[in-house]
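Asks: As they're listed, the protein sequences go chains E and U. Quick note on the numbering used here: the first sequence kicks off at 1 and runs consecutively. Quick note on the numbering used here: the second sequence kicks off at 261 and runs consecutively. Backbone N, C-alpha and C define an ideal beta-carbon position, used for all residues, glycine too. There's a structure below that I have some questions on.
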Amino acid sequence: MKEGIADDLRQSYVVMKNEMTKFFRGKRMLLFLALIVTVLLLITVLPYALGSSLSKDPKEIIVTYVSFVSLIVLLAATLFASVTIVSEYEERTALILFTRPIKKSSIFLGKFLASLVIGVAFVGLYYLSVALISLIVAGGVDVGLAKSLLLALMYVIGTFGVAMLISSVMKKASTSTIIVFVILLMILPIISAIVIVSQTPDITNLDSYYDAWWMLDQAANAITSVVSTTVDIARESLVMVTWGLVPTLIAFILFKRREF
Amino acid sequence: MTGEYPIEITGLRKEYGQFVAVDNLDLSIKKNSFTGLLGPNGAGKSTTLKILTSLINATSGSAYLNGVDIAKNPKGALMGVGTVVETPEFYLYLTPRETFRYIGEIIGMSTEAIVSETNEILEKVKMTEWADKKMGTFSKGMRQRIALGQALLNDPSVVILDEPTSGLDPRGMAEVRDILKNLRNETKDLTVLMSSHMLHEVSDLCDRVAIVNHGKLLIHDDIGKVIDKSGVRTIFIKILGEPDKEDITKISGLPNVANAERYGNDIEVRFNGDVAEQADFFRAVDGLGIKAYSLSEGDNGLETTYLDLIKESR
């Protein structure tokens, strides 16, 4: 039995390696890398180009940079996790992979981990860049960066779970990509806004605003706010991980039942 | 579920809503046989092979590969099985060598075994010079050869092929058939189940045939016996010069000849007998004094049986 599980995990690793090769050799990776570099360059260079400069306060510098992390994570989910399952069906490579002695759970795990590793690596790279910039410009790094990084990684899990679910049911990768992007960028924030408005007794009073803490996009706000205010990191992390794990579980069940 | 039948299907049924694609199918494929699965479009061939390769689930019934239930333990059942289902596509960012390595690693082969088998198989499927080129530019025929190659990794004891020459140009078909012929002739412990539309392909490659229609098995036996069951064979006799009426009359008078007539410069004989009687017929033709230089059985021996069976099953 142990040998069986060990072999399943070994096969997941093989699938993960191949999936990462796909990402590294694909155009999406270049696009994403260019996007991150552009964001970093714009935030860093633009103030100087306009005759101003970056703040000398490490906290302020970090807030400026991490306010774009949600968008970067969202794009990573859109570009990588949204295509990982559906591409096997659309490109008919499933006829090669799924007819091999490998469990669907190993395939699913390998693909999910590959997306996750890419997402985590890019987020880590972005935060490392921010830390370096903060060190150079302000002479130090605020501890809020580490807290923000932790929450950003939880958001990676949350968004990638949603993306895996869409990828497991769609027939075309392009459709899956668009749907994931729209859900994460528009649908979830719209739902949150409607919930907040409908549950808030006095919309003109900011203090009476309903806290839709259980929504993914609302929990993701903590990635930025944790740098400057007190945030319940455990609760926000739990919300984002739940948003990741529940759709991932549903995605796996649907993928396992899906026929070619 | 004995070792005598590496592929066993019992009471297999697959429904798509009201449509029954496979209807209580029982089929046991003999060890070391090369079996052709024949049937018209929609007969249930591909559905059966997709169930066997775990791409779809049966509504009821069972399918076993090497004695392992494909529904209960697909990973175990597909161990030692090579497959080419429909026309698979490949990871276009990989080369054939990288593809073989990927598949080999999934199977659990050692790096050394993957390297040596890859070279051997690429040679076998005549793709050595393309081994390190990305597959995005490959023709359909080349991709099908790679598909066959990856199915042969790790010396499978069972190979399942779903219309391996479908959609290929004549040259591509010939190349794939050559590979399959070599496989049949050179590999001892190998059981092949191959679906096809092409009767001559099955006649040429397979020693056994299973004919299905409406998801049901109509017949399954050695090709010779299947043809014998219909009783009628077509034999072409080539003679020096043009055949004349006297030649045709002489042949018509031989035992088991239902009809003989001129067919271009040949004589087409409708022969009603088994293989032993056919051997007697060949000897008798030799003794007629006509200048025959070739006697050959037409492909439509199987075709006649096939068409009769399909007609009956409507």
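Here's a check: name, in chain order, each residue in its chain whose Cβ is nearer than 6 Å to the Cβ of P247/E, leaving out the five neighbours to either side.
Replies: Against the first sequence, residue 247/E aligns to sequence position 247. Once the five neighbours on either side are set aside, the close Cβ partners of P247/E are G161, V162, L165.
Asks: Rounded C-beta distance between L79/E and R28/E? I'm assuming under 8 Å.
Replies: Looking up residue 79/E in the first sequence gives position 79. Looking up residue 28/E in the first sequence gives position 28. Indeed they touch by this definition, with Cβ atoms about 5 Å apart.
Asks: Once you ignore the five residues that flank K2/E on each side, which residues in its own chain have a CB closer than 7 Å to its CB?
Replies: By 1-based counting over the first sequence, the position of residue 2/E is 2. Note that K2/E scores a pLDDT of 47, beneath 50, so its modelled location is shaky and nothing firm can be said.
Asks: Measuring straight from C-alpha to C-alpha, what distance separates T204/E and I223/E?
Replies: As a first step, residue 204/E must be located in the first sequence, where it is residue number 204. As a first step, residue 223/E must be located in the first sequence, where it is residue number 223. Approximately 26 Å between the Cα atoms of the pair.
Asks: So is K27/E in contact with chain U if we call contact Cβ pairs under 7 Å?
Replies: Taking the first sequence and counting its residues from 1, one reaches residue 27/E at position 27. Judged by the 7 Å Cβ criterion, K27/E is not in contact with chain U.
Asks: Does chain U have any CB closer than 7 Å to the CB of E19/E?
Replies: Within the first sequence, the letter at position 19 stands for residue 19/E. Cβ-Cβ to chain U under 7 Å: no for E19/E.
Asks: Quick check: what's the CA-CA separation for A131/E versus G124/E?
Replies: Here residue 131/E refers to the residue found at position 131 when the first sequence is read from its first residue. Here residue 124/E refers to the residue found at position 124 when the first sequence is read from its first residue. Roughly 10 Å between the two C-alpha positions.
Asks: Of all the CB atoms in chain E, is at least one closer than 7 Å to the CB of Y523/U?
Replies: The residue labelled residue 523/U in the question sits at position 263 within the second sequence. No, no contact with chain E.
Asks: Can you tell me whether T99/E is buried or exposed, with buried defined as 16 or more other CB within 10 angstroms of its CB?
Replies: Against the first sequence, residue 99/E aligns to sequence position 99. That one is buried.
Asks: Quick one: is V143/E near chain U, going by C-beta distance under 7 Å?
Replies: Here residue 143/E corresponds to residue number 143 of the first sequence, with the count starting at 1. Not closer than 7 Å to any Cβ of chain U, the Cβ of V143/E fails to qualify, so no.
Asks: For F112/E, tell me which candidate among I157/E, S70/E, V143/E, L71/E has the shortest Cα-Cα distance.
Replies: Within the first sequence, numbered from 1, the residue matching residue 112/E stands at position 112. It is I157/E.
Asks: Looking at chain U, is there any beta carbon in it that lies within less than 7 Å of the beta carbon of K2/E?
Replies: Within the first sequence, numbered from 1, the residue matching residue 2/E stands at position 2. Here the model assigns K2/E a pLDDT of 47, short of 50, so the residue's position is not dependable, and the following value carries that caveat. Closer than 7 Å: no.
Asks: Quick one: which chain E residues come within Cβ less than 7 Å of N317/U?
Replies: As a working note, residue 317/U is residue 57 in the second sequence. Per Cβ cutoff of 7 Å: E259.
Asks: Hey, does F98/E have any beta-carbon neighbour from chain U nearer than 7 Å?
Replies: As a first step, residue 98/E is located in the first sequence; it is residue number 98 there, counting from the start. With 7 Å as the cut-off, F98/E counts as an interface residue toward chain U.
Asks: Say whether chain E places a C-beta atom closer than 7 Å to the C-beta of K335/U.
Replies: Against the second sequence, residue 335/U aligns to sequence position 75. For K335/U, the answer is yes, since a Cβ of chain E falls inside 7 Å of its Cβ.
Asks: Just checking: is the beta-carbon of M369/U within a distance shorter than 7 Å of some beta-carbon in chain E?
Replies: Within the second sequence, residue 369/U is the residue found at index 109, counting from 1. No, its Cβ sits nowhere closer than 7 Å to a Cβ of chain E.
Asks: In the region 330-385 of chain U, which residue ranges form an unbroken beta strand (DSSP E) of at least 3 residues, counting only runs that do not cross its ends?
Replies: You should have 341-344.
Asks: Is it buried or exposed, K400/U, if we count other Cβ atoms within 10 angstroms and call 16 or more buried?
Replies: Your numbering for residue 400/U matches position 140 in the second sequence. That one is exposed.
Asks: Quick check on V141/E: does DSSP put it in helix, strand or coil?
Replies: Position 141 of the first sequence, counted from the start, is the residue given in the question as residue 141/E. DSSP places V141/E in coil when its eight states are reduced to three.
Asks: Starting from the beta carbon of D7/E, find every residue of chain U whose beta carbon is closer than 9 Å, and list them in chain order.
Replies: Looking up residue 7/E in the first sequence gives position 7. Going along chain U in sequence order, the residues near D7/E (Cβ under 9 Å) are K335, G368.
Asks: Using a beta-carbon distance below 7 Å, is L254/E in contact with chain U?
Replies: Position 254 of the first sequence holds residue 254/E. Not an interface residue.
Asks: Just to confirm the assignment: which complete alpha helix (DSSP H) runs, minimum length 4, are found wholly within the region 410-453 of chain U?
Replies: The region 410-453 of chain U contains these whole alpha helix (DSSP H) runs: 430-446.
Asks: What residue from R405/U, E521/U, A407/U has the CA that sits closest to K505/U's CA?
Replies: Looking up residue 505/U in the second sequence gives position 245. Looking at the Cα atoms, E521/U is the closest of the given residues.
Asks: Give the DSSP bridge partners of L297/U, in chain order.
Replies: In the second sequence, counting from the first residue as 1, residue 297/U sits at position 37. Per DSSP, S455/U, A470/U.
Asks: Confirm, please, whether the CB-CB distance from Q11/E to I406/U is below 7 Å.
Replies: The residue labelled residue 406/U in the question sits at position 146 within the second sequence. The residue labelled residue 11/E in the question sits at position 11 within the first sequence. No. Outside cutoff.
Asks: How is R28/E classed by DSSP in three states: helix, strand or coil?
Replies: The residue you call residue 28/E lines up with position 28 of the first sequence. Note: R28/E maps to helix in three-state DSSP.
Asks: Quick check on D540/U: buried or exposed, where buried means 16 or more other Cβ atoms within 10 Å of its Cβ?
Replies: Working through the second sequence from its first residue, we reach residue 540/U at position 280. Result: exposed.
Asks: Could you list which residues in chain E have their beta carbon closer than 9 Å to that of F279/U, in chain order?
Replies: The sequence position of residue 279/U within the second sequence is 19, counting from 1. None at all; the shortest Cβ gap to chain E is about 15 Å.
Asks: Would A303/U be called buried (16 or more neighbouring beta carbons within 10 Å of its own) or exposed?
Replies: Position 43 of the second sequence holds residue 303/U. It is buried - the Cβ of A303/U has at least 16 other Cβ atoms within 10 Å.
Asks: For E91/E, decide whether its Cβ has a neighbour in chain U, counting only Cβ atoms nearer than 7 Å.
Replies: Along the first sequence, read from residue 1 onward, the residue named residue 91/E stands at position 91. Cβ-Cβ to chain U under 7 Å: yes for E91/E.
Asks: Taking K103/E as the query, report the chain U residues whose CB atoms sit under 7 Å from its CB, ordered along the chain.
Replies: Translated into positions along the first sequence, residue 103/E becomes position 103. Within 7 Å Cβ-Cβ: K335.
Asks: Between the alpha carbons of V227/E and L153/E, how many angstroms are there, rounded?
Replies: For the purposes of this step, residue 227/E is identified with residue 227 of the first sequence, where counting begins at 1. For the purposes of this step, residue 153/E is identified with residue 153 of the first sequence, where counting begins at 1. Answer to the nearest angstrom: the Cα atoms are 15 Å apart.
Asks: Please determine, among K448/U, R493/U, R468/U, the residue with the shortest C-alpha to C-alpha distance to N519/U.
Replies: To locate residue 519/U, count along the second sequence from 1; it is residue 259. Nearest of K448/U, R493/U, R468/U to N519/U, Cα basis: R493/U.
Asks: For D438/U, is the classification buried or exposed, using 16 other Cβ atoms within 10 angstroms of its Cβ as the cut-off for buried?
Replies: Against the second sequence, residue 438/U aligns to sequence position 178. That one is exposed.
Asks: Threshold first: 3 residues or longer. Then list the beta strand (DSSP E) segments lying entirely within the region 475-546 of chain U, N to C.
Replies: Within the region 475-546 of chain U, the complete beta strand (DSSP E) runs of at least 3 residues are 476-482, 492-499, 517-523, 526-532.
Asks: Can you tell me which of I5/E, S70/E, S52/E, A212/E puts its alpha carbon nearest to the alpha carbon of V197/E?
Replies: The count along the first sequence starts at 1 and reaches residue 197/E at position 197. Closest option to V197/E, Cα to Cα, is A212/E.
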